[in-house]
Each structure stands twice: as C-alpha cells, then as structure tokens.
Amino acid sequence: MNLKPGDIVTIAHYSKSTPFQSVVLNIMENEVLLNLPRKFPAYDLFEDDPAVLGFQTGPDIFAAECSIRYINAKDGNVVLKIENTEHIKEKRIFERFPVSLYADLRIKNGKKKAAYVRNISLNGLSIVSKTNLSEGDEVVCDTYIDNRVLELAGTVIWKGKSSKNFQYGIKTVLQDYNTKNSLKLYLNILKDEQERAVLHLKEQK
1 MNLKPGDIVT
11 IAHYSKSTPF
21 QSVVLNIMEN
31 EVLLNLPRKF
41 PAYDLFEDDP
51 AVLGFQTGPD
61 IFAAECSIRY
71 INAKDGNVVL
81 KIENTEHIKE
91 KRIFERFPVS
101 LYADLRIKNG
111 KKKAAYVRNI
121 SLNGLSIVSK
131 TNLSEGDEVV
141 CDTYIDNRVL
151 ELAGTVIWKG
161 KSSKNFQYGI
171 KTVLQDYNTK
181 NSLKLYLNIL
191 KDEQERAVLH
201 LKEQK
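Numbering (the numbering used here), first residue to last: 1 to 205.
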C-alpha cells in the first residue's frame with residue numbers, strides 16, 4: 001500500500017450513501033490514521049464497523065476492506081485497520097468486493113437483528129454483528145444496496161470473534177434468476193461508485 005501523510009483518500013461507510021474524502025495523517029503497518037471532513041458527524045462511526053478505503057497509486061485504483069479500530073470524535077480522527085486490498089480494475093464481480101453496508105439479519109422465522117456487510121460476492125458475504133450464531137445456521141440478510149433491499153439467504157460456514165462483535169462468513173443460495181441478476185447489477189454499481197469517487201480526487205488536485 002503506497003500511501004503517505006497528506007494523501008487524500010475516500011472512505012465508504014454504511015452511514016453515508018456515497019464515499020467521502022479524508023486526509024492521511026499517518027501510516028502504521030496495516031493501519032491508517034485519517035482526518036475526517038470538518039463537518040462529518042464522527043459519532044456516526046463505531047469501533048469495529050466495516051469501512052472501505054479507496055485510493056489511487058499511479059494509474060491503479062484500489063479498494064481496501066477495513067475495520068474501524070479507533071475514533072477520536074473531538075479531533076475528527078479515525079484509525080482504520082486494513083484487512084484486504086483489491087485492485088478495482090482487475091476485480092471481477094464474482095470475487096468478493098469490499099463494502100460497508102447495513103443489513104437486517106434474521107435466522108429463519110426469527111426476529112431481525114442489526115448486521116453490517118464487510119465484503120460480498122455472488123457466492124457469499126462476510127458480516128459483523130452482535131448476534132451470536134452457530135456454524136450451520138440458516139440465515140437471511142436483507143441487505144441495503146443503492147436504496148433498495150436485496151434478500152440474500154444462506155448458511156453460516158465460519159465464525160470469528162472480535163472485541164465487540166461476532167464475524168461470520170455466509171455462503172449464499174441465490175434461489176431465483178432475478179436475485180442473481182440484481183446482485184450482479186448492484187456489485188457493478190458499487191464497483192463503479194468506488195472508482196468514480198477515487199478518480200474525482202485526481203480531478204480536484
């Protein structure tokens with residue numbers, strides 16, 4: 001990751017409909033300290049939230065799957081831990097793509113619980129939630145993408161634990177043609193949106 005203090009990057013977070021700009025203050029191995037826009041409501045962010053860091057190196061555009069590690073709301077600073085970095089131009093839609101999306105999680109015939117999607121593909125998604133599930137549980141994620149709700153049913157295939165949330169890998173079952181086509185469309189929208197946001201940074205320099 002070729003970032004340095006002073007670089008302008010984009011952040012995608014489920015609390016905002018489009019990516020917003022931030023300034024790099026410091027780089028620490030796999031973590032980045034950022035300064036948020038002056039009027040950005042830092043109280044909309046929470047530790048362990050998923051976020052996507054967008055940046056450009058030469059002609060290449062990257063999207064990094066991140067989690068929020070620390071927030072200083074007074075100074076408007078945030079530390080992101082980088083989990084995985086993807087080259088947007090080479091990204092095919094059936095591979096996992098970094099996102100930060102809100103979802104209503106429910107075990108079949110159960111109550112809705114809050115969850116947040118970290119990455120998504122045609123084959124599955126990774127989420128974080130305070131809800132305690134078990135491997136093998138069948139779940140439904142009503143995922144909010146592009147102001148619409150996409151119902152994704154699947155099975156929990158792995159489980160992890162962070163300091164504040166559980167982490168899950170869910171293998172989805174696309175039961176109908178329309179759902180699969182809608183997911184393809186939304187993945188392309190998310191990819192194009194991230195790319196446009198990063199290219200906009202270059203235009204402003």
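Note that beta-carbon positions come from the ideal geometry of N, C-alpha and C, so glycine has one too. As the structure is a computational prediction, the values presented were derived from the model and not from experiment.
Check: Measure the C-alpha to C-alpha separation of A73 and N178 and round it to an integer number of angstroms.; Outcome: 42 Å
Check: Is the distance from the Cβ of I71 to the Cβ of A42 below 8 Å?; Outcome: yes
Check: Tell me, which residues are paired with T143 by DSSP?; Outcome: A103, L150
Check: In chain order, which beta strand (DSSP E) runs of at least 3 residues are fully inside the stretch 163–200?; Outcome: 166–172
Check: Do P5 and A12 have their beta-carbon atoms positioned less than 8 Å apart in this structure?; Outcome: no
Check: Suppose the cutoff is 8 Å on Cβ atoms and the five residues either side in sequence are ignored; what does the same chain contact list for W158 look like?; Outcome: E135, Y168, G169
Check: Would L45 and I68 qualify as a contact pair, given that the criterion is a beta-carbon distance under 8 Å?; Outcome: yes
Check: According to DSSP, is Y116 part of a helix, a strand, or is it coil?; Outcome: strand
Check: How would you call N119, buried or exposed, if buried means at least 16 neighbouring beta carbons within 10 angstroms?; Outcome: buried
Check: N30: which of S22, V23, K16, N2 sits nearest, CA to CA?; Outcome: N2
Check: Quick one: measure Cβ to Cβ for Y14 and L150, integer angstroms, because I've assumed they're closer than 8 Å.; Outcome: No, Y14 and L150 are not in contact; Cβ-Cβ is about 14 Å, not under 8 Å.
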